[in-house]
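*Asks:* Using this note's numbering, you'd call the opening residue of the sequence shown number 128 and step up by one each time.
Idealized CB from N, CA, C, for every residue including glycine.
Handing you this structure, nothing more for now.
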Amino acid sequence: MDLWSILLLVALLTGIMGWFVTPFTSGIIYICMMCDGDPIDWGLEVAFSVAVPFTWVFALMEIILLYRI
128 MDLWSILLLV
138 ALLTGIMGWF
148 VTPFTSGIIY
158 ICMMCDGDPI
168 DWGLEVAFSV
178 AVPFTWVFAL
188 MEIILLYRI
C-alpha cells in the first residue's frame, strides 16, 4: 500500500466510525445539560466514544505496517 491508500483508508474508517461526529454531539449534550442546570459529568461514555475509533485506526495501521515489512 502506498501513502495515499493509507490516508484514504484512515479517512474512510474515521468517517464510518463517527470520529468527527463525536465532538458535535458532545457539544450539543453539553449545552443542553448546561441549560438544564445538571452537573456536567462526562464519564466513560464520552471517553469510549473518543477512544474506540482511535484504537481501531491505530490497530489497523499497525497491522498494515507490520504486513508491509
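1. Does DSSP put D163 in a helix, a strand or coil?
2. Going by other Cβ atoms of all chains shown within 10 Å of its Cβ, with 16 needed for buried, is P180 buried or exposed?
3. Throw me the rounded Cβ distance for the I133 and I191 pair, which I believe falls under 8 Å.
4. State the Cα-Cα distance for the pair C159 and F175, rounded to the nearest angstrom.
*Replies:* Once the coordinates are examined:
1. Helix.
2. buried
3. 6 Å
4. 21 Å
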